[in-house]
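So the structure is just underneath, and the comments pick up after that.
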Amino acid sequence: MTSLTAIVIFVVSMLLSAFFSGSETGLYRIPRLRLVIDSLSGKTWSRVLLWLTNNPSFFVATTLVGNNVANYLTGLSIVLLAQFWFGEFAIVELVSPILLSPLVFVYGELLPKNLFLQAPYRLMAKLAPIFMVFTVLLLPMALILWGLGRIVELIVGTSPTKAQLSLARRELQQVLKESEEVGLLRPAQQSLAQNLFTVASRTAGEFGIPFQRLPAVRQNCQVSEALRIARRNRLTALPVLAEKGREIIGYVRAIDLNLQTSPVVDEIRPLAEFHNQQSHSAVLIQMQSDKETLAKLVDDRGSLTGFITVNNLVEPLLSGNLAALKR
């Protein structure tokens, strides 16, 4: 091996170190929303990058293996050059990597990370095919490292899902902030969107009313009595029980009671049913689409656990700066 070969190894290893260090920063800096849009438009590299962002443990394993290979080649090339130029002295082989460490750190780590930090989308778009090639080449070693990570995850009992959700929430907040700065969103709209993201992952059961606490009326009871119960409890809808027993056959709205001409409750609306573990947003959207005011919540066995109203679901969306809109 000649000194020229050692120089080539050094340059290639520095480029690899810069590539993997910068890619690690760049992929986490790319707006996920932009990757999704590009993926839907048919760009293959965007789909690959989107898959990697959705599987960060595998991506980190690939970059770690690539960085370690690059750092090993860098150290090897420095030692070989020292041997060629100064002879085989132990002190030279020991001191030369230390002296060149600032150069390796600046141009192999710090500078590429800053470049990818400033222009992550542009650089990752150009270098995505190269990263795809290295992903295939380093797949065996990356799989071993990924597997060890999964074993540690099972032992410790933690999952990267919470970290992914935290990063996604932070990214969404940044998008909302930028939208407000350029005039696309008003402060009230931004607050509403943030509240929606906050409660979107929560279940409908968290906002429900236990069935024991919600007063009900009997079928064919007097309208005046039903209105009195609604006013006393400040309710816009009441569940309706069958004339005998505790079977719930539907519900009636206070506005319908005021408009109906019959003296008894007979205009009963069917009661929609949702699982108490369904998401807040899914239940709210469905109830708004069906124009339903009240629905019942059930468990895995189909047993009644409580009721949910549109007001219960809308109230958390109007917290913070939007609290005045509740009045």
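Numbering (my numbering), first residue to last: 2 to 328. All C-beta atoms in this analysis are idealised placements derived from N, C-alpha and C, irrespective of residue type, glycine included.
* **Burial state of Tyr73, where buried means 16 or more other Cβ atoms lie within 10 Å** => Taking the sequence shown and counting its residues from 1, one reaches residue 73 at position 72. The residue is exposed, with fewer than 16 neighbouring Cβ atoms inside 10 Å.
* Around the C-beta of Phe135, are 16 or more other C-beta atoms found within 10 angstroms, so that it is buried, or is it exposed? -> Indexing the sequence shown from 1 puts residue 135 at position 134. Buried, because 16 or more other Cβ atoms sit within 10 Å of the Cβ of Phe135.
* **Span of the beta strand (DSSP E) around Tyr252** => Taking the sequence shown and counting its residues from 1, one reaches residue 252 at position 251. Run containing Tyr252: Ile249 to Arg254, per the beta strand (DSSP E) assignment.
* Are three or more beta carbon pairs between the region 293 to 310 and the region 225 to 232 nearer than 8 Å? -> Segments in contact, no.
* Other residues of its chain near Arg328: CB distance less than 8 Å, five sequence neighbours each side excluded -> To locate residue 328, count along the sequence shown from 1; it is residue 327. With a pLDDT of only 49 at Arg328, under the threshold of 50, the placement of this residue in the model should not be trusted; the figure read from the coordinates follows. If we look at Arg328 and ignore the five residues flanking it on each side, it has no Cβ neighbours.
* **Per-residue DSSP class, three states only, for Glu293** => By one-based count along the sequence shown, residue 293 stands at place 292. Under the three-state reduction of DSSP output, Glu293 falls in the coil class, being neither helix nor strand.
* To do: Taking Phe212 as part of the alpha helix (DSSP H), name the residues at either end of that continuous run.
  => Stepping through the sequence shown from its first residue, residue 212 is reached at position 211. Segment: none, Phe212 is in no alpha helix (DSSP H) and carries neither H nor E.
* Asked: Three-state secondary structure (DSSP) at Ala120?
  -> Residue mapping note: residue 120 aligns to position 119 of the sequence shown, counting from 1. It is coil, neither helix nor strand.
* **Under the three-state DSSP convention, the category Glu316 falls into** => Mapped onto the sequence shown, residue 316 falls at position 315. Three-state result, Glu316: helix.
* To do: Assign Val266 to one of three DSSP states: helix, strand, or coil.
  => Walking along the sequence shown from the start, residue 266 turns up at place 265. Coil, per DSSP.
* Provide the residue span of the alpha helix (DSSP H) that contains Ala231, from first to last. => Here the question's residue 231 lines up with position 230 in the sequence shown. Val224 to Asn234 is the extent of the alpha helix (DSSP H) around Ala231.
* Write down the C-beta distance between Leu272 and Leu295 rounded to the nearest angstrom, noting that I regard them as a contact closer than 8 Å. => Against the sequence shown, residue 272 aligns to sequence position 271. Against the sequence shown, residue 295 aligns to sequence position 294. Distance from Leu272 to Leu295 at the Cβ level is roughly 7 Å; contact confirmed, criterion being Cβ atoms closer than 8 Å.
* To do: For the alpha helix (DSSP H) containing Glu25, list its first residue and its last residue.
  => For the purposes of this step, residue 25 is taken as residue 24 along the sequence shown, with counting starting at 1. Ser4 to Arg30 is the span of the alpha helix (DSSP H), which, as asked, contains Glu25.
* Going by other Cβ atoms of all chains shown within 10 Å of its Cβ, with 16 needed for buried, is Asn68 buried or exposed? -> In the sequence shown, the residue the question calls residue 68 occupies position 67. That one is buried.
* Out of His281, Asn56 and Ser24, point me to the one whose CA is closest to Leu197's CA. => As a working note, residue 197 is residue 196 in the sequence shown. If we check each option's Cα against that of Leu197, His281 comes out closest.
* Asked: With 16 as the cutoff for other CB atoms within 10 Å, does Asp39 come out buried or exposed?
  -> For the purposes of this step, residue 39 is taken as residue 38 along the sequence shown, with counting starting at 1. Looking at its Cβ environment, which holds 16 or more other Cβ atoms inside 10 Å, Asp39 is buried.
* Asked: Can you give the Cα-Cα distance for Ile249 and Pro121, rounded to whole angstroms?
  -> Numbered from 1 along the sequence shown, position 248 holds the residue referred to as residue 249. Numbered from 1 along the sequence shown, position 120 holds the residue referred to as residue 121. Going from the Cα of Ile249 to the Cα of Pro121 covers about 57 Å.
* Asked: Among Asn312, Thr262, Val66 and Tyr29, which residue has its Cα nearest to the Cα of Pro141?
  -> To locate residue 141, count along the sequence shown from 1; it is residue 140. Comparing Cα positions, the closest option is Val66.
* Asked: Is there at least one non-hydrogen atom of the ligand ATP closer than 6 Å to the beta-carbon of Ala296?
  -> As for the ligand ATP, it is missing from this structure, which has no ligand bound.
* **Beta-bridge pairing of Gly307 - partner residues as DSSP gives them** => Taking the first residue of the sequence shown as 1, we reach residue 307 at position 306. Partner(s): Pro211 and Leu298.
* Between the CA atoms of Leu319 and Thr63 - distance to the nearest angstrom -> Numbered from 1 along the sequence shown, position 62 holds the residue referred to as residue 63. Numbered from 1 along the sequence shown, position 318 holds the residue referred to as residue 319. Distance between the alpha carbons of Thr63 and Leu319: 44 Å.
* To do: Please work out which residues of its chain come closer than 6 Å, Cβ to Cβ, to Val200, disregarding the five sequence neighbours upstream and downstream, and give them in chain order.
  => Against the sequence shown, residue 200 aligns to sequence position 199. The residues are His281 and Pro317.
* Would you give the residue range spanned by the alpha helix (DSSP H) that Val49 belongs to? => Your numbering for residue 49 matches position 48 in the sequence shown. If you look at Val49, you'll find it in the alpha helix (DSSP H) that goes Thr45 to Asn55.
* **His276 versus Ile269, Gln261 and Val284, residue with shortest Cα-Cα distance** => If you number the sequence shown from 1, residue 276 lands on position 275. Considering only alpha carbons, the answer is Val284.
* **Neighbourhood of Ala129 by C-beta, 7 Å cutoff - its chain only, sequence neighbours within 5 removed** => Mapped onto the sequence shown, residue 129 falls at position 128. Here the set comprises Trp46, Val49 and Leu50.
* When the cut-off is 7 Å and only beta carbons count, does Met142 lie next to chain E? -> Note that chain E does not occur in the displayed structure, where there is just one protein chain.
* Which partner residues of Pro240 appear in the DSSP bridge assignment? -> Within the sequence shown, numbered from 1, the residue matching residue 240 stands at position 239. By DSSP's assignment, Pro240 forms a beta bridge with Tyr252.
* Contacting residues, own chain, Cβ-Cβ under 7 Å from Arg343 (five flanking each side not counted) -> No answer is possible for residue 343: the residues shown for the chain start at 2 and end at 328.
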